[in-house]
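Okay, so here's the structure we're looking at.
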Amino acid sequence: MLIVMQAGATQAEIERVLARVRELGFTPHPIPGRHRVAVGITGNPGPLDPHLFEVLPGVKEAIPVSRPYKLVSRETHPESSVVEVGGVPIGAGHFAVIAGPCSVESREQVLAAARAARSGGAQLLRGGAFKPRTSPYAFQGLGRQGLELLAEARAETGLPVVTEALDLHSLEAVVELADCIQIGARSMQNFSLLREAGRAGKPVLLKRGLAATLEEWLMAAEYILSEGNRRVILCERGVRTFADHARNTLDVAAVPAIQRLSHLPVIVDPSHAAGIRHLVGPLALAGVAAGADGLMIEIHPEPERALSDGPQALTPAEFAGLMAAVQRVRQALAPRAEPAVVPSGAPGQPS
Ligand code: PEP
Ligand code: MN
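End of the sequence shown = 1075 in the working numbering, gap-free, step of one.
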């Protein structure tokens, strides 16, 4: 149920609606809009009678919401959301690039990668300190020390840090030292982690699970929003298919499809979709052309020495080249500005 308040509804009228929702045993979620406030309701086991709320003063209408997710839905929040990460806005026309190594390996490596990210034009730094690895014998990340190195790289370059929390234990350290909590593809349905990230007070980058439908992905985001954290960015990173020419298959269609269903920003990670360097650029450009609100790209100062995902890491020079191409695609897509003044006497104009 979505309760839409009248444009001139008073604060007291809004409070009364919130109190009524609580009285019925459900949770109200006020959603401020440009013109009016709406109130989403969660916790109701089934459909509610709209009249329960339409009788209250200041209420314009109460609309039953058909989607199983509410807070992430465009039905409840028609305007695209802007999510700020360390002061960098993402979404609703704000485009941002997150770049950095797969894993934080050493001070020199992460500082070199951070400098390359900044000089290439990225606005945010990535780097895994707690790594989800398929093999328990593979490099698992430097843990807290990795987060401290990321914080040092942020202090030098000014780039806010996005890094993965693998579990409740690593979440605590990530919240303390980073600017954005990444929830990885393998953790997309770790519901206790999602809930805790919802209470953490930091923005969350939620990757799509390896075989998640859009509804499952949005329900995962709903967990975070239902805990009161509206700052969620979705990240399409490729899904598992029969294709064996790439690590995963980038679902480009997911970008406009999600944008139709949800107000949350959606970015594309071409690196984990590609798995191999030469596919990263084309997939990144495809994501931008499909309307992504940003990109997450793995880079490494010396990819051949990387402890994880070296084959898909771009060199600093390759990253800078890709960023230039991204700019060209964005310019080509930008709505063409109408000439502000039509010169008098121009052909076809009455003089
Ligand atoms: C990552 O970005 O570091 C990562 C492990 O990605 P994913 O969760 O998409 O596999
Ligand atoms: Mn990686």
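All C-beta atoms in this analysis are idealised placements derived from N, C-alpha and C, irrespective of residue type, glycine included.
Can you look up Q913 in the DSSP assignment and give me helix, strand or coil? Of the three classes helix, strand and coil, the one that applies to Q913 here is coil, per DSSP.
Would you say the stretch 778–791 touches the stretch 848–855, given that touching needs at least three Cβ pairs under 8 Å? no
Secondary structure at R1045, three-state DSSP: helix, strand or coil? One point to set straight first is that residue 1045 is Gly, not Arg, in the sequence displayed. Here G1045 carries a helix assignment [DSSP, helix/strand/coil].
So V779 is in the beta strand (DSSP E); what residue range does that whole segment cover? Where V779 is concerned, there is no enclosing beta strand (DSSP E), given that its DSSP letter is neither H nor E.
By Cβ distance below 6 Å, which residues in the same chain neighbour E737 in space, the five residues on each side in sequence not counted? So the qualifying residues of the chain are P781, G782.
Sorry if obvious, but does the Cβ on E1022 come closer than 7 Å to a heavy atom of the ligand MN? Within the cutoff, so yes.
What number of angstroms, rounded off, separates the C-alpha of R1001 from the C-alpha of F863? 21 Å
Check I948 in the structure and name its three-state DSSP category. helix
When we look at the beta-carbon of T937 and count the other beta-carbons within 10 Å, is it buried (16 or more) or exposed? exposed
Should the stretch 1013–1030 be regarded as contacting the stretch 822–842, the criterion being three or more beta carbon pairs within less than 8 Å? yes
Could you compute how far the alpha carbon of E880 sits from the alpha carbon of A1048? 24 Å
Please report the straight-line C-alpha distance between P994 and P856, rounded to a whole angstrom. 18 Å
Curious, which full-length alpha helix (DSSP H) runs of at least 4 residues does the stretch 811–885 contain? 831–844, 868–881
Spatial distance of R758 from H987 (CA atoms): Each residue's alpha carbon lies about 14 Å from the other.
Stretch-stretch touch, CB-based, cutoff 8 Å, three pairs: the stretch 810–824 with the stretch 760–767: no
The ligand PEP heavy atoms versus the CB of C904: any closer than 7 Å? no
Please confirm if E872 has its CB atom under 8 Å from at least one CB of chain D. Here chain D cannot be found, since the structure has a single protein chain.
Residues in the same chain with beta-carbon distance under 6 Å from V885, minus the five sequence neighbours each way, listed in chain order, please. L849, L874, R878, A902, D903
Closer than 7 Å by C-beta to A985: which residues in its own chain qualify, once you throw out the five before and the five after it? Chain order, please. Per the sequence shown, the amino acid found at residue 985 is Leu instead of Ala. Contacts found: S797, R798, L938, L942.
Any idea if Q869 is buried or exposed, counting beta-carbon neighbours within 10 angstroms, 16 or more meaning buried? exposed
In the structure shown, what three-state DSSP assignment does G764 receive? Three-state result, G764: strand.
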